[in-house]
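Residue numbers (the working numbering): 985 to 1211.
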């Protein structure tokens, strides 16, 4: 696979800088894009070194701890997108992401990949990261949209609008894959030399688990808001 020099990544700061400029001019926030970019780089560097250690250790307890941290962080990030930021709302978000992601994580690991041990972090952590990140994005969308819709609509109408909006990215991805885009996992595997047919099977797995986990998480969140 092609080796990427660290300095070469600096070229990608040019379009990010353009986005940051217009984000400041149009939104009025001077630091959010820069803060997010710096935090992204630091977090990825940190997790890179951490994963190297965890993969070598092959510890079930360490893998479980990482998964719990993922869900907790995803819930905190989701909470920032809505106006009500109390413990009850955090618990509701955590429950939705945990159940929606974990059901699909179990199905993928145990039945699809036939991994029956929790001491294989090289497989579990990347898949868990994809699942819980997509659950986070879906619940963020549904929570923010539902909160806004409830100002003018009854529960069922607001639920329908928010649910549909939260799944637009996943449904669009289903419709576009293979025609408009070759998604990340498939592209990465092809670049690393994996047979395209095998890469396609993995990508189908990813697409299905992302829609399933995102949908279940949003259903659970909206179900808790029915009262």
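All C-beta atoms, glycine included, are put in the ideal place defined by N, C-alpha and C.
Integer-rounded CB distance, given that residue j should sit under 8 Å from residue i
i, j, result
"residue 1089", "residue 1115", "5 Å"
"residue 988", "residue 1003", "About 21 Å; that fails the 8 Å criterion."
"residue 1154", "residue 1198", "5 Å"
"residue 1204", "residue 1085", "Between residue 1085 and residue 1204 the Cβ distance is about 11 Å, and since that is not below 8 Å, they are no contact."
"residue 1078", "residue 1059", "4 Å"
"residue 1024", "residue 1062", "In fact, because the Cβ distance is near 17 Å, the residues do not count as touching under 8 Å."
Buried versus exposed call for residue i [16 or more other C-beta atoms within 10 Å across all chains shown]
i, result
"residue 1196", "buried"
"residue 1067", "exposed"
"residue 1122", "buried"
"residue 1095", "exposed"
"residue 1006", "exposed"
"residue 1093", "buried"
"residue 1138", "exposed"
"residue 1027", "exposed"
"residue 1190", "buried"
"residue 1170", "buried"
"residue 1118", "buried"
"residue 1015", "exposed"
"residue 1136", "exposed"
"residue 1165", "exposed"
"residue 1022", "exposed"
"residue 1055", "buried"
DSSP state of residue i mapped onto helix, strand, coil
i, result
"residue 1101", "coil"
"residue 1178", "coil"
"residue 1092", "helix"
"residue 1011", "helix"
"residue 1161", "strand"
"residue 1209", "coil"
"residue 1138", "coil"
"residue 1188", "helix"
"residue 1067", "coil"
"residue 1133", "helix"
"residue 989", "coil"
"residue 1167", "coil"
Cut-off 7 Å between Cβ atoms - residues of its own chain near residue i, not counting five sequence neighbours on either side
i, result
"residue 1051", "1112"
"residue 1065", "1124, 1127 and 1128"
"residue 1193", "1088, 1092 and 1115"
"residue 1013", "1007"
"residue 1100", "1094"
"residue 993", "none"
Beta-carbon contacts of residue i that lie in its chain and below 8 Å, excluding the five residues immediately before and after
i, result
"residue 1206", "1126, 1130, 1143, 1146 and 1147"
"residue 1042", "1103, 1104 and 1105"
"residue 1208", "1076, 1079 and 1080"
Host alpha helix (DSSP H) of residue i (start-end)
i, result
"residue 1047", "1044-1063"
"residue 1023", "1016-1041"
Cβ-based neighbour list, residue i, same chain, cut-off 6 Å, excluding 5 preceding and 5 following
i, result
"residue 1045", "none"
"residue 1109", "1050"
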